[in-house]
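A.B. asks:
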Amino acid sequence: MSAAVELRIGCVGYSYDFWVGPFYPRHTPQSEFLKLYSKVFDLVEIDSTFYTIPPPATIRSWRDSVPDSFSFAAKLPRVITHENAMRPTREALDRFYRSIGELRPKVATLLVQLPPFLHQDDGMERVLAFLDG
Numbered sequence: 001m002s003a004a005v006e007l008r009i010g011c012v013g014y015s016y017d018f019w020v021g022p023f024y025p026r027h028t029p030q031s032e033f034l035k036l037y038s039k040v041f042d043l044v045e046i047d048s049t050f051y052t053i054p055p056p057a058t059i060r061s062w063r064d065s066v067p068d069s070f071s072f073a074a075k076l077p078r079v080i081t082h083e084n085a086m087r088p089t090r091e092a093l094d095r096f097y098r099s100i101g102e103l104r105p106k107v108a109t110l111l112v113q114l115p116p117f118l119h120q121d122d123g124m125e126r127v128l129a130f131l132d133g
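The numbering of the sequence shown is our numbering, which starts it at 1 and goes up by one.
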């Protein structure tokens, strides 16, 4: 007997100018990319959250551009994972959670990209402490 599996298909990002023509109709404004993307895919990885914590208004615009069945995978910001080496400040976590909270209930996954300097010997301890806290 096999269990039912929910499979979602998506890309890392949706806002690529070189997709205009091959994927998005020509002359599509960037403000319409996510809405059109969500007609084909039901998931997108938001890679930009790794580089900066977006303001809640940006997150709300993403949420409002897609159907209820659409999901987001958001990457934890590098200020948490890399700059603080998985020992994030409460302020950074609070800002990220407040911002990404605007996507509820459409956040399917939070992705953690670990820095290359985080070695197995002390890295797993930090990751587990982070997840536990």
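Beta carbons are placed, not taken as given, at the ideal position from N, Cα and C, and that holds for glycine.
Is it the case that the Cβ atoms of T134 and V44 are separated by a distance below 8 Å?
C.D. replies: Outside the modelled stretch of the chain, which goes from 1 to 133, sits residue 134, for which no answer is possible.
A.B. asks: Return the CA-CA distance between F23 and D17, expressed in angstroms with no decimal places.
C.D. replies: In the sequence shown, the residue the question calls residue 23 occupies position 23. In the sequence shown, the residue the question calls residue 17 occupies position 17. Those two C-alpha atoms are separated by around 10 Å.
A.B. asks: Specify whether the segment 93-113 and the segment 61-74 touch according to this definition: at least 3 beta carbon pairs, one from each stretch, less than 8 Å apart.
C.D. replies: With the cut-off at 8 Å, the segment 93-113 and the segment 61-74 touch.
A.B. asks: May I ask you to verify whether the segment 27-44 touches the segment 52-66, counting CB pairs closer than 8 Å and requiring at least 3?
C.D. replies: Yes, they touch.
A.B. asks: What span of residues does the alpha helix (DSSP H) with E91 cover, start to end?
C.D. replies: In the sequence shown, counting from the first residue as 1, residue 91 sits at position 91. E91 -> alpha helix (DSSP H) spans R90 to I100.
A.B. asks: With burial defined as no fewer than 16 other Cβ atoms inside 10 Å of the residue's Cβ, what is the status of Y97: buried or exposed?
C.D. replies: The count along the sequence shown starts at 1 and reaches residue 97 at position 97. Exposed: under 16 other Cβ atoms inside 10 Å.
A.B. asks: Measure the C-alpha to C-alpha separation of E125 and F50 and round it to an integer number of angstroms.
C.D. replies: If you number the sequence shown from 1, residue 125 lands on position 125. If you number the sequence shown from 1, residue 50 lands on position 50. So the two alpha carbons sit approximately 22 Å from each other.
A.B. asks: Given a threshold of 16 other Cβ atoms within 10 Å of its Cβ, counted over all protein chains shown, does F33 qualify as buried or as exposed?
C.D. replies: Translated into the one-based positions of the sequence shown, residue 33 becomes position 33. It counts as buried.
A.B. asks: Under the assumption that S99 contacts P54 (Cβ atoms under 8 Å), give the Cβ distance between them as a whole number of angstroms.
C.D. replies: Start at 1 with the first residue of the sequence shown, and residue 99 comes out as number 99. Start at 1 with the first residue of the sequence shown, and residue 54 comes out as number 54. Rounded, the Cβ-Cβ distance is 6 Å, consistent with contact.
A.B. asks: With DSSP as the reference, please indicate the residues paired to G10 in a beta bridge.
C.D. replies: Taking the first residue of the sequence shown as position 1, residue 10 is located at position 10. Looking at the DSSP assignment, G10 forms a beta bridge with L43.
A.B. asks: Starting from the C-beta of L36, find all residues in its chain whose C-beta is less than 6 Å away, skip the five residues before and the five after it, and write them out in chain order.
C.D. replies: Locating residue 36 in the sequence shown gives position 36, counting from the first residue. The residues are Y24.
A.B. asks: Within 10 Å of its beta-carbon, does E102 have 16 or more other beta-carbons around it, so buried, or fewer, so exposed?
C.D. replies: On the sequence shown, position 102 is the one that residue 102 refers to. By the neighbour-count rule (16 or more Cβ atoms within 10 Å), E102 is buried.
A.B. asks: Find the nearest neighbour of F117 within the set A85, D94 and T89, judged by alpha-carbon distance.
C.D. replies: For the purposes of this step, residue 117 is taken as residue 117 along the sequence shown, with counting starting at 1. Measuring from the Cα of F117, the nearest candidate turns out to be A85.
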